[in-house]
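**Student:** Protein chains in written order, with the UniProt record's numbering: chain B, 1 to 245; chain L, 1 to 245; chain U, 1 to 245; chain X, 1 to 245; chain W, 1 to 245; chain C, 1 to 245.
Beta carbons: idealized from backbone N, C-alpha and C, even for Gly.
Please read these numbers as outputs of a predicted model, since none were measured by experiment.
Here it is, the structure, as structure tokens.
Number of protein chains: 6
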Amino acid sequence: METTVKKSALVVSAHSADFVWRAGGAIALHASRGYDVHVVCLSFGERGESAKLWRKGNMTEALVKQHRQKEAEAAAEILGASIEFFDLGDYPLRADKETLFRLADVFRKIQPHFVLTHSIQDPYNYDHPLAANLTQEARIIAQAEGYRPGEPIIGAPPVYCFEPHQPEQCNWKPDVLLDITSVWDKKYAAIQCMAGQEHLWEYYTRVAQQRGVQAKRNVGITSPNVISHGEGYQSLFPRVTEDLS
Amino acid sequence: METTVKKSALVVSAHSADFVWRAGGAIALHASRGYDVHVVCLSFGERGESAKLWRKGNMTEALVKQHRQKEAEAAAEILGASIEFFDLGDYPLRADKETLFRLADVFRKIQPHFVLTHSIQDPYNYDHPLAANLTQEARIIAQAEGYRPGEPIIGAPPVYCFEPHQPEQCNWKPDVLLDITSVWDKKYAAIQCMAGQEHLWEYYTRVAQQRGVQAKRNVGITSPNVISHGEGYQSLFPRVTEDLS
Amino acid sequence: METTVKKSALVVSAHSADFVWRAGGAIALHASRGYDVHVVCLSFGERGESAKLWRKGNMTEALVKQHRQKEAEAAAEILGASIEFFDLGDYPLRADKETLFRLADVFRKIQPHFVLTHSIQDPYNYDHPLAANLTQEARIIAQAEGYRPGEPIIGAPPVYCFEPHQPEQCNWKPDVLLDITSVWDKKYAAIQCMAGQEHLWEYYTRVAQQRGVQAKRNVGITSPNVISHGEGYQSLFPRVTEDLS
Amino acid sequence: METTVKKSALVVSAHSADFVWRAGGAIALHASRGYDVHVVCLSFGERGESAKLWRKGNMTEALVKQHRQKEAEAAAEILGASIEFFDLGDYPLRADKETLFRLADVFRKIQPHFVLTHSIQDPYNYDHPLAANLTQEARIIAQAEGYRPGEPIIGAPPVYCFEPHQPEQCNWKPDVLLDITSVWDKKYAAIQCMAGQEHLWEYYTRVAQQRGVQAKRNVGITSPNVISHGEGYQSLFPRVTEDLS
Amino acid sequence: METTVKKSALVVSAHSADFVWRAGGAIALHASRGYDVHVVCLSFGERGESAKLWRKGNMTEALVKQHRQKEAEAAAEILGASIEFFDLGDYPLRADKETLFRLADVFRKIQPHFVLTHSIQDPYNYDHPLAANLTQEARIIAQAEGYRPGEPIIGAPPVYCFEPHQPEQCNWKPDVLLDITSVWDKKYAAIQCMAGQEHLWEYYTRVAQQRGVQAKRNVGITSPNVISHGEGYQSLFPRVTEDLS
Amino acid sequence: METTVKKSALVVSAHSADFVWRAGGAIALHASRGYDVHVVCLSFGERGESAKLWRKGNMTEALVKQHRQKEAEAAAEILGASIEFFDLGDYPLRADKETLFRLADVFRKIQPHFVLTHSIQDPYNYDHPLAANLTQEARIIAQAEGYRPGEPIIGAPPVYCFEPHQPEQCNWKPDVLLDITSVWDKKYAAIQCMAGQEHLWEYYTRVAQQRGVQAKRNVGITSPNVISHGEGYQSLFPRVTEDLS
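See the structure below:
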């Protein structure tokens, strides 16, 4: 029976904090509903997204990574997700065939019901589109009967791109607004783990409030739902459904 | 309690057969699930979509309209929908403010949970985008507190564009694939009411089969769902949800 | 000498509050720098954007308009702009040839150095694109030697689309981020004139903060500029310059 | 036999000089190959494209039109086309149902093998897109069996948009480069009929040279064709063929 | 004299069956008209497109490749094309500089009059865009005088993208509809060689029928051509012509 | 004080002549205004853009490069820029991580106030988009505190794409028209250094004239500016400003 299978989700994050700002609500929400949510951080963002740490002085790349890993683990725990780190390096992030297979194997193991990752374009950050494309291609490999033949393949889980820092500049257009009102406190607690990027806490709080207002607007003011916080997502595939309302 | 309110849907069709080819599955499916589905035909397609009738000879516009109305009523009955005709004329279809208000009033009366209409672009058929824009604007009017103040306004029902005859040429890209397998027999029966356009019966059967294969592909081959027929839709607004799987 | 000619700007607003939310910073900023800024409100937004007033009860369209006019006049005064009202009606806004010429005549009189108006697309609000297109066409008429021959024609002032309520859904992409830090207090004071739309005050405050962060990001963290609030604009024409930095 | 039917083409020009600058090569080329080419000028461009005439002083709209008509007739004669004038007025050009039917009737009479008109977008000139849309819709009406039933309908002639003044700003992208080398002298002679717009003679000579270089580039430098002048066109419909080379 | 040179075409297929589903009609049609058509299969699709073979059990990659090669050779023979296999591996397909030069050398040898390959985007299959880009870049290398100086370079053959599995999702828009009615029997015979993908036989039969109906629609119902089957293509470069009909 | 810091600009050119045709005006103009302008040529264009040299016979790649380097140095001197050559090879141009860091180091050293490079798309030339992406990514690396920690990072200089050979085919749309009238003589002198590509001299002269006319058109005919030559640019980031006129 389908109901006995635990549902799962996979989140692929270029740097170790992206999953918090961009998908923390989705993670906490689905975790709270019984999903196993697994996060893969491709890098720690040690070069490009740790400015505050570097400015402290007396830093090495190893130390920065350590800091960032602890923050990410703390955030994942608050959100209710498991987490692993590929440690591929950032600025630039690069992925060879072995990395592709490594991620495909995660897909095979997790058998996700949906997938979250970065937008396909981002002129401010080349690591993000690379992560998105790696995720997409790994999903395709994991669907192939001829890759590690005999292993169970995966289905066709929907893939959603989470919100980039400057959405319009990335030609990112949300077609899904996720109501994260019920888990906002968890997301904000996870955000506060990111000690090195305090300047972003209020920025992403406001993002959540704006998407909340928009979600409210798109269900209509006659709806009884109270929505204060949201997250936007862009689907990469059509969804299959039997109900249009 | 929400469950006691009957759900409803509104379909706006430029010509009297469009709703059958393009949305017959959605109509039958939701009718079968208890929705009140209402169809508005803006014209009978008497000039532009009744070639076979005109070629019979001894025809007048009034006779053509009569024929087309009967066909559409028969199809609506099979699909389980109510239907009305605005008789605005076609080729070209034109709509003034009064028509806009008339359609806004239908919105107010139906209070639809979702709306189906044409694509926003169609270089082969200027009546179709006009219908789509009229529908969109009527929905906006019906949401306004200041239009017929005191009347109950409508919420923000999602609007879906159904598939045009040559989808790529209309820059129409489906983001929803509706599984209409369970009602295909009804849709095909409704299609057969369109005696004047027999050349399209098999065309739209194949459209349904192709969208069925694509729906199957997008749920994944590991899914137990058997999908043989589908309909594609393009959303005009983001959907609001609490579940991404 | 060019410096003796006073610079001017024209703002065309579909409803009587749009210019405040969307362009209040630009208006106050340029007014403070000596520009004559003139606002044309095509309608009062009496039907579509006055929900709170209608809910009070005992309202008529005339009363709502009166309210809205007073609010808009108060806001314009704070921002330092002159204002006039075309009273064309809203939901739907419609413009005939006479309106087009009336607006062209405003262009001729104002001789604006730049123009602000709505985005070209907005699926949530059909009055907005209509206002944008009316503005564009009036500008073209005002440039024509054969329109009221003998009158001084206008040049080719740049046209900027201000930010719609849900920017991505309107395919609006800002290519200009205006630093409105120095006039934010005026903009917020003007916003507070809009008593009927209190729910939008904080929404548009956050919009300004987000655009401020993005402006800061796009000048670079090494820049000495302190930017706390911004407004985004999309240009409709290429700008002509002699300096790329 | 197909070869006994004379081929024909229809060109719809918003103002009385557009067909010369933008399609003079295509007209002369096809006329020289035996096509009947017919030009419809929707207006004389009396307001918006006759600046030089107005500046002479002592002008009336009637006089300007007279001038412009003579120029256009002279150009058409050189190019080998017949011409007619709808005299709808310009800046703004507007078309009602009667105009639509009038143009549909021209389609029916000419039975064109291809159609040339303006681009679908032009932020510098709202008359141009209006002409393009009018042409497209008239073509659709002329295809309908129910429009003037009994009259021979038209087929599905390809429609090409000719080059606007600032192509990139109009999102116009040529997919056809017409080699007009053999008729360039005729096009330039026709261009010289436009005494009121002398500043454009060299501009459009350079356009032809640039499109010539591009055509040469797109046939390849190994091709024996000598191409010095070209015209770019954007198709609105797919072409049907049996040969891809 | 140009007429004595035999015409040729090059088809680049990511996996060993793609050229059959997607371009079998074009191949058979041009072969029947005297073209030398050459197919390059970059991989056998052994991992990603051989599910049925893998499910048989007792399979190795070598065996799967053997099977696929035989099927592809049989199909090519029916269509009248020569074929070669680069055996680069699939899921993922990757190409280094040597592969690029190898394909450029094929271009030099074949001197194609046109080129067929995959679409530039395909979110379901990353091998397809890679093949398209490899083909495009190899064509550019083969045009360069400085690549293997002294060898005859190639001209500028048009490149057409054939239809992907889910066209709208790939942003693929056909601007050419090829009438393959006369060779449909050959294409279907070739399709039947693909024993491992029987589920696609009817899918691609319906694709051909739909494109046939659309081709008929785009030549017009007044045309005497009988078109029952078609293939859609998207051009990547403008075509150069002297006739627009 | 800001005024004491000398302004600088960085130009990244895929082949050794691109910076002349495409950005020679911008370089000369800013050099004449006191900027330090530095050009990086990633390759000499020895394979793909030196056809005339190769046709002379008795050529080797080393000789071609030598020729091209001299031409480029002469052109740079005329324009007033410093120049360096990465000698990465062309057709195909490829860049590994070391090249990326090498270019990032140039960014760090130059600290440019603006950056010029190729368009993001070019179906005729795959080296051009590669150069554009390399430039964008190097800029991002150079902004990262964790790349060579302790070194001064760069700000967020605007990046402009210069005009490709066939602009519409590259989906390149200029949003900036640079008035290069005052330095046209220098640009044309630099162009004449490119002895191997004489066929392009007049082509790019006409490009400059057309962009000049368009610049004139976009400032308006009432402006006193005399503009005879221009260069078009497409911005990749929004600009931040305090003045919209």
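Could you check the C-alpha separation between residue 200 of chain X and residue 190 of chain C for me, to the nearest Å?
**Tutor:** C-alpha separation (whole angstroms): 28 Å.
**Student:** Give a yes or no on whether 8 Å exceeds the smallest Cβ distance from residue 139 of chain U to chain L.
**Tutor:** Not an interface residue.
**Student:** How many whole angstroms separate the CB atoms of residue 294 of chain U and residue 17 of chain U, which I take to be in contact at a CB cut-off of 8 Å?
**Tutor:** Chain U is shown only over 1 to 245; residue 294 of chain U falls outside these bounds and no answer can be derived.
**Student:** Just the Cα atoms here: how many angstroms apart are residue 104 of chain U and residue 81 of chain U?
**Tutor:** Each residue's alpha carbon lies about 19 Å from the other.
**Student:** Does the distance from the C-beta atom of residue 50 of chain L to that of residue 64 of chain L stay below 8 Å?
**Tutor:** Yes, the pair counts as a contact, with Cβ atoms nearer than the cut-off.
**Student:** Just mark residue 33 of chain B as buried or exposed, buried being the case when its beta carbon has 16 or more other beta carbons within 10 Å.
**Tutor:** By the neighbour-count rule (16 or more Cβ atoms within 10 Å), residue 33 of chain B is not buried but exposed.
**Student:** Taking only three categories from DSSP, how would you classify residue 233 of chain W?
**Tutor:** In the structure shown, residue 233 of chain W sits in a strand (DSSP, three-state: E or B).
**Student:** I need the DSSP call for residue 188 of chain U, collapsed to helix, strand or coil.
**Tutor:** If DSSP states are grouped into helix, strand and coil, residue 188 of chain U belongs with the helices.
**Student:** Going by alpha carbons, who is nearest to residue 74 of chain W out of W:192, W:159, W:183?
**Tutor:** The shortest C-alpha separation from residue 74 of chain W is found at W:192.
**Student:** Is residue 188 of chain B close to chain U, meaning its C-beta is less than 8 Å from at least one C-beta of that chain?
**Tutor:** So, not an interface residue.
**Student:** With a threshold of 6 Å on Cβ separation, who are the neighbours of residue 228 of chain W within its own chain once the five nearest residues in sequence on each side are excluded?
**Tutor:** Answer for residue 228 of chain W: 181, 212, listed in chain order.
**Student:** Please report whether the beta-carbon of residue 97 of chain B lies at a distance below 8 Å from any beta-carbon of chain D.
**Tutor:** The displayed structure is made up of protein chains B, L, U, X, W and C, and chain D is not among them.
**Student:** As a quick exercise: from U:68, U:10, U:7, pick the residue whose alpha carbon is nearest that of residue 196 of chain U.
**Tutor:** Out of U:68, U:10, U:7, U:68 has the C-alpha closest to the C-alpha of residue 196 of chain U.
**Student:** Around the C-beta of residue 9 of chain L, are 16 or more other C-beta atoms found within 10 angstroms, so that it is buried, or is it exposed?
**Tutor:** The residue in question, residue 9 of chain L, is buried, as its Cβ has 16 or more Cβ neighbours within 10 Å.
**Student:** Using 8 Å as the limit for Cβ to Cβ distance, is residue 55 of chain W near chain B?
**Tutor:** So yes, residue 55 of chain W belongs to the interface.
**Student:** Within 8 Å of any Cβ in chain L, is that where the Cβ of residue 164 of chain B sits?
**Tutor:** No - not a single Cβ of chain L is within 8 Å of the one on residue 164 of chain B.
**Student:** Which of the three DSSP states is assigned to residue 176 of chain W in this structure?
**Tutor:** Strand, per DSSP.
**Student:** What number of angstroms, rounded off, separates the C-alpha of residue 174 of chain X from the C-alpha of residue 161 of chain X?
**Tutor:** Each residue's Cα considered, the two are about 9 Å apart.
**Student:** Looking only at C-alpha atoms, which of U:244, U:19, U:202 sits nearest to residue 239 of chain C?
**Tutor:** It is U:244 whose Cα lies nearest to the Cα of residue 239 of chain C.
**Student:** Who pairs with residue 239 of chain U in a beta bridge, going by DSSP?
**Tutor:** Paired residue(s): C:176.
**Student:** Tell me, please, whether the CB atom of residue 197 of chain C is closer than 8 Å to any CB atom in chain X?
**Tutor:** Chain X, which has no Cβ nearer than 8 Å to the Cβ of residue 197 of chain C, makes this no.
**Student:** Just to confirm the assignment, what range does the alpha helix (DSSP H) spanning residue 73 of chain U have?
**Tutor:** Element bounds for residue 73 of chain U: 61-79.
**Student:** Taking C-beta pairs closer than 8 Å, name the residues in chain C that residue 126 of chain B reaches, listed in chain order.
**Tutor:** What residue 126 of chain B touches in chain C: 133, 136, 137, 140.
**Student:** Please report the straight-line C-alpha distance between residue 100 of chain U and residue 66 of chain X, rounded to a whole angstrom.
**Tutor:** Near 26 Å, if we compare the C-alpha coordinates of residue 66 of chain X and residue 100 of chain U.
**Student:** Would you call residue 152 of chain C buried or exposed, if buried means 16 or more other Cβ atoms sit within 10 Å of its Cβ?
**Tutor:** Its Cβ having fewer than 16 others within 10 Å, residue 152 of chain C is exposed.
**Student:** How would you call residue 96 of chain L, buried or exposed, if buried means at least 16 neighbouring beta carbons within 10 angstroms?
**Tutor:** Exposed: under 16 other Cβ atoms inside 10 Å.
**Student:** With 9 Å as the C-beta to C-beta threshold (strictly closer), list the residues of the region 76-96 of chain U near chain L in chain order.
**Tutor:** Taking 9 Å as the Cβ-Cβ cut-off against chain L, the residues of the region 76-96 of chain U that qualify are 90, 91, 92, 94.
**Student:** Which residue's Cα is closest to the Cα of residue 129 of chain U: U:90, U:143, U:77, U:60?
**Tutor:** Ranking U:90, U:143, U:77, U:60 by Cα distance to residue 129 of chain U puts U:90 first.
**Student:** What are the residues that DSSP puts in a beta bridge with residue 160 of chain C?
**Tutor:** According to DSSP, residue 160 of chain C bridges with C:116, C:235.
**Student:** For a cutoff of 8 Å on Cβ pairs, would you count residue 172 of chain W as touching chain L?
**Tutor:** Answer yes: the Cβ-Cβ gap between residue 172 of chain W and chain L drops below 8 Å somewhere.
**Student:** Flag residue 146 of chain B as yes if its beta-carbon sits less than 8 Å from any beta-carbon of chain W, otherwise no.
**Tutor:** Interface residue, yes.
**Student:** Using 10 angstroms around the beta-carbon of residue 2 of chain X, count the other beta-carbons present and answer buried if the total reaches 16, otherwise exposed.
**Tutor:** At residue 2 of chain X, the pLDDT of 46 sits below 50, so the modelled position is not reliable and the matter cannot be decided from this model.
**Student:** At 4 residues or longer, and completely inside the region 127-153 of chain C: list those alpha helix (DSSP H) runs for me, N to C.
**Tutor:** 127-143, all fully within the region 127-153 of chain C.
**Student:** Could you name each continuous alpha helix (DSSP H) segment of 4 residues or more that falls completely within the region 27-51 of chain X, going from the start of the chain to the end?
**Tutor:** As far as the region 27-51 of chain X is concerned, it has no whole alpha helix (DSSP H) run of at least 4 residues.
**Student:** Find the residues of chain L that neighbour residue 231 of chain W, judging by a C-beta separation of less than 7 Å, and give them in chain order.
**Tutor:** Correct list: empty, because the minimum Cβ distance to chain L is about 14 Å.
**Student:** In or out: residue 236 of chain B buried (at least 16 other Cβ within 10 Å) or exposed?
**Tutor:** So residue 236 of chain B ends up on the buried side.
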